[in-house]
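Accompanying notes for the structure given below.
There are 2 protein chains.
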Amino acid sequence: MSRPFDLTLYLVTDPRLVAERGLLATVEAAVKGGVTLVQLRDPDAHGRALVEQARALKALLAPLGIPLIVNDRVDVAVAADADGVHLGQDDMSPADARALLGPERILGLSVGNPAEFAGSSSGIDIGAVDYLGVGPVKATGTKKDAGAAIGAAGVAAVRALTRRPIVGIGGIDGALAGEVIRAGADGVAVVSAICAAPDPEHAARALLSAVTAAR
Amino acid sequence: MSRPFDLTLYLVTDPRLVAERGLLATVEAAVKGGVTLVQLRDPDAHGRALVEQARALKALLAPLGIPLIVNDRVDVAVAADADGVHLGQDDMSPADARALLGPERILGLSVGNPAEFAGSSSGIDIGAVDYLGVGPVKATGTKKDAGAAIGAAGVAAVRALTRRPIVGIGGIDGALAGEVIRAGADGVAVVSAICAAPDPEHAARALLSAVTAAR
């Protein structure tokens, strides 16, 4: 049984988008605005830099009770005592990751469509997974290897297949956040809507309002 | 105290160079020719593929008593029950890796020159490290981020600084293997000299002879 987490407003960091303001300053502002979960994602960074970033974020977030999730790298997550790991379909299998993470850390998995959810295309067993990241809801330039956009209808299609918590991701702004919640998602995950915003705190607050209003 | 290992002839795999023959067939032939240690290195591969490759190599090598080392990814090494990890200067710190690996797994670190060994440029503490990979001895096209070639003289310079086992790496063929051993290395690591050879078994046997003759 993993530690509790709240998918309401899930921030995924992007190293290019936060470069000017800085990773920590961006996350700090976003959390003030109501972000409930933070994922460190920097696919081009080496292990040493990732561990350093994860430790700095953990020091910022732990006192606030906001869990820190590390993208892909289970070793980095454990070394930095992060709260969990988010896996893509090409990453280590959820069962392997769970064995390394122990029962308490949070484990998420990206699914691009109902077929990926069912594991029919990949053979991935999601038994060890605590939540699903479903998308891209809308096409985006942030993630180069993302699949085709599935829309809020795609979120609803995955929602119909599982009782696991799901968070919609991919090109979500305030208007789309409401649609995704109404499609049955437990929350929305955003990258550029917060990382690239002139005021991340304000952007987070606006997204949180949109999610709350749609529930 | 890590499990025993023998640096005499250390094969580092390269996904492009083994593509035609296949990873397992290349390693199997190389081991027949006398390779004493194998490192799985595929910096572009995702975690899932790496775990699968590491498990396949482990199944091949364990019955032969040849340790399997995984480049960079501590999580992959533990998931596949590999015998150790090899770290670059930008990877997770040796101390962090050791904490995840436990005391028995083998931990290697690349050092490009005496300054990197001393940690003066990087602040890396090598206390947790079992062996050092020193090079590139000669310039090579295999590793894009490798530093300047240090020659056998550079190997001797690191040898003078430590009693830890060291293996020379980078552009080593039969003639250079002898020089590196005479410079004080405990063994030689090769990529293309075996992976790109028309007959990996024969190539390994010739390198092994060169190392043995130079001792």
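If you're matching them up, the sequences are chains F and W in order.
All residue numbers for the first sequence refer to my numbering, where the first residue is 25 and numbers rise by one.
All residue numbers for the second sequence refer to my numbering, where the first residue is 25 and numbers rise by one.
Every residue gets a Cβ at the ideal spot worked out from N, C-alpha and C, and that includes glycine.
Report the CB separation of W:Val-62 from W:Cys-219 in whole angstroms; it is logged as a contact under 8 Å. Indexing the second sequence from 1 puts residue 62 of chain W at position 38. Indexing the second sequence from 1 puts residue 219 of chain W at position 195. Not quite, the Cβ-Cβ distance comes to about 11 Å (not below 8 Å), so this is no contact.
Beta-carbon spacing of W:Gly-171, W:Tyr-155 below 7 Å: Counted from its first residue, the second sequence places residue 171 of chain W at position 147. Counted from its first residue, the second sequence places residue 155 of chain W at position 131. No. Outside cutoff.
Mark W:Ser-125 as exposed unless 16 or more other C-beta atoms lie within 10 angstroms of its C-beta, in which case mark it buried. Locating residue 125 of chain W in the second sequence gives position 101, counting from the first residue. Here residue 125 of chain W is Leu; the residue named in the question, Ser, does not match the sequence. The residue in question, W:Leu-125, is buried, as its Cβ has 16 or more Cβ neighbours within 10 Å.
Determine the closest residue to F:Glu-52 out of F:Arg-239, F:Ser-233, F:Thr-236 and F:Arg-229, with distance taken between C-alpha atoms. Residue numbering aside, residue 52 of chain F sits at position 28 when the first sequence is read from its first letter. Closest by alpha carbon: F:Arg-229.
Compute the Euclidean distance between the alpha carbons of F:Gly-157 and F:Pro-87, then round it to the nearest angstrom. Within the first sequence, numbered from 1, the residue matching residue 157 of chain F stands at position 133. Within the first sequence, numbered from 1, the residue matching residue 87 of chain F stands at position 63. Each residue's alpha carbon lies about 25 Å from the other.
8 Å Cβ cut-off: residues of chain F touching W:Leu-124: Position 100 of the second sequence, counted from the start, is the residue given in the question as residue 124 of chain W. Simply Asp-99, Val-102 and Ala-103.
Counting pairs of beta carbons, one from the stretch 56-75 of chain F and one from the stretch 25-43 of chain W, are three or more of them closer than 8 Å? no
Short of 8 Å Cβ to Cβ, which residues in the stretch 184-218 of chain F face chain W? Residues: none.
Start-to-end residues for the alpha helix (DSSP H) that takes in F:Gln-77: As a first step, residue 77 of chain F is located in the first sequence; it is residue number 53 there, counting from the start. For F:Gln-77, the enclosing alpha helix (DSSP H) stretches over residues 71-85.
Where W:Thr-236 and W:Pro-28 are concerned, what is the direct C-alpha to C-alpha distance, given to the nearest angstrom? For the purposes of this step, residue 236 of chain W is taken as the residue at position 212 of the second sequence. For the purposes of this step, residue 28 of chain W is taken as the residue at position 4 of the second sequence. Whole-angstrom Cα-Cα distance: 19 Å.
Using the C-alpha atoms, what's the distance from F:His-226 back to F:Ala-234? Within the first sequence, residue 234 of chain F is the residue found at index 210, counting from 1. Within the first sequence, residue 226 of chain F is the residue found at index 202, counting from 1. Our two residues, F:Ala-234 and F:His-226, have alpha carbons roughly 12 Å apart in a direct line.
Report the neighbours of W:Ser-233 on chain F: residues whose CB is nearer than 9 Å to its CB, in chain order. For the purposes of this step, residue 233 of chain W is identified with residue 209 of the second sequence, where counting begins at 1. The premise fails here: W:Ser-233 is roughly 37 Å from chain F at the closest Cβ pair, so nothing lies under 9 Å.
Starting from W:His-2, follow its DSSP beta bridges and name the residues at the other end. For chain W, the structure presents residues 25 to 239; residue 2 of chain W sits outside this window and is missing.
Going along the chain, which residues of its own chain have a beta-carbon closer than 6 Å to the beta-carbon of W:Val-153, five neighbours each way excluded? As a working mapping, residue 153 of chain W is identified with position 129 in the second sequence. Answer for W:Val-153: Pro-118, Leu-131 and Leu-133, listed in chain order.
Output the distance between the C-alpha atoms of F:Pro-138 and W:Asp-197, rounded to the nearest integer angstrom. Position 114 of the first sequence, counted from the start, is the residue given in the question as residue 138 of chain F. Position 173 of the second sequence, counted from the start, is the residue given in the question as residue 197 of chain W. So the two alpha carbons sit approximately 52 Å from each other.
Please name the residue, chosen from F:Gly-136, F:Ala-69, F:Val-102 and F:Phe-141, that lies closest to F:Arg-122 on a Cα-to-Cα basis. Within the first sequence, the letter at position 98 stands for residue 122 of chain F. The shortest Cα separation from F:Arg-122 among F:Gly-136, F:Ala-69, F:Val-102 and F:Phe-141 belongs to F:Val-102.
Integer-rounded CB distance, given that W:Asp-114 should sit under 8 Å from F:Met-116: For the purposes of this step, residue 116 of chain F is taken as residue 92 along the first sequence, with counting starting at 1. For the purposes of this step, residue 114 of chain W is taken as residue 90 along the second sequence, with counting starting at 1. About 21 Å; that fails the 8 Å criterion.
Whole angstroms is fine: what's the gap from F:Arg-188's alpha carbon to W:Glu-44's? Within the first sequence, residue 188 of chain F is the residue found at index 164, counting from 1. Within the second sequence, residue 44 of chain W is the residue found at index 20, counting from 1. Approximately 43 Å, taken between the alpha carbons.
Could you tell me whether the Cβ of W:Gly-71 comes closer than 7 Å to any Cβ of chain F? The residue given as residue 71 of chain W occupies position 47 in the second sequence. W:Gly-71 counts as touching chain F.
On a CA-only basis, which of W:Ala-201, W:Ala-184 and W:Ala-163 is nearest W:Phe-141? Give me that one, please. Translated into the one-based positions of the second sequence, residue 141 of chain W becomes position 117. The shortest Cα separation from W:Phe-141 among W:Ala-201, W:Ala-184 and W:Ala-163 belongs to W:Ala-184.
Should W:Asp-68 be flagged as near chain F, meaning a C-beta pair shorter than 7 Å? Position 44 of the second sequence, counting from 1, holds the residue named residue 68 of chain W. No, W:Asp-68 lies away from the interface with chain F (no Cβ there is under 7 Å from its Cβ).
Would you decide whether F:Arg-129 is buried or exposed? Buried here means 16 or more other CB atoms lie within 10 Å of its CB. In the first sequence, counting from the first residue as 1, residue 129 of chain F sits at position 105. It is buried - the Cβ of F:Arg-129 has at least 16 other Cβ atoms within 10 Å.
Interface residues of chain W around F:Val-75 at Cβ under 9 Å? Sequence index remark: in the first sequence, residue 75 of chain F carries index 51 (1-based). The answer, in chain order, is Met-116, Ser-117 and Asp-120.
Specify the secondary structure class of W:Ile-90 as computed by DSSP and reduced to three states. Indexing the second sequence from 1 puts residue 90 of chain W at position 66. The answer is coil: DSSP assigns W:Ile-90 none of H, G, I, E or B.
Scan the stretch 82-96 of chain W for residues whose Cβ lies nearer than 9 Å to a Cβ of chain F and list them as they occur along the chain. Asp-96
Counting along the chain, where does the beta strand (DSSP E) carrying W:Leu-185 start and finish? Residue 185 of chain W sits at position 161 when you count from the first residue of the second sequence. Where W:Leu-185 is concerned, there is no enclosing beta strand (DSSP E), given that its DSSP letter is neither H nor E.
Strand pairing of F:Val-42, partner residues [DSSP]: Locating residue 42 of chain F in the first sequence gives position 18, where the first residue counts as 1. DSSP, once it has assigned bridges, lists no residue as partnering F:Val-42.
Minimum C-alpha distance to F:Asp-38 - residue among F:Met-25, F:Lys-82, F:Val-94 and F:Arg-79: Translated into the one-based positions of the first sequence, residue 38 of chain F becomes position 14. The residue from F:Met-25, F:Lys-82, F:Val-94 and F:Arg-79 with its alpha-carbon nearest to that of F:Asp-38 is F:Val-94.
Got a sec: does the ligand HEM put a non-hydrogen atom nearer than 6 Å to the Cβ of W:Ala-142? Because no ligand of any kind appears in the structure shown, any question about the ligand HEM cannot be addressed here.
Write down every uninterrupted run of the alpha helix (DSSP H) in the stretch 166-214 of chain F whose length is 4 residues or greater and which is fully enclosed by it, in chain order. For the stretch 166-214 of chain F, whole alpha helix (DSSP H) runs of length 4 or above, ordered along the chain, are 175-183 and 198-206.
Mind checking who W:Leu-31 pairs with in its DSSP beta bridge? Position 7 of the second sequence, counted from the first residue, corresponds to residue 31 of chain W. For W:Leu-31, which the question treats as bridged, DSSP gives no partner whatsoever.
In chain order, what residues of the same chain have a beta carbon less than 8 Å from the beta carbon of F:Arg-97, not counting five sequence neighbours either side? In the first sequence, counting from the first residue as 1, residue 97 of chain F sits at position 73. Correct list, in chain order: Gly-71, Leu-74 and Val-109.
Taking the alpha-carbon positions, what's the W:Thr-50 to F:Leu-64 distance? One-based indexing of the second sequence puts residue 50 of chain W at position 26. One-based indexing of the first sequence puts residue 64 of chain F at position 40. Those two C-alpha atoms are separated by around 37 Å.
Nearest-angstrom Cα separation, counted from W:Arg-239 out to W:Leu-81: As a position in the second sequence, residue 81 of chain W is number 57, starting the count at 1. As a position in the second sequence, residue 239 of chain W is number 215, starting the count at 1. Distance between the alpha carbons of W:Leu-81 and W:Arg-239: 30 Å.
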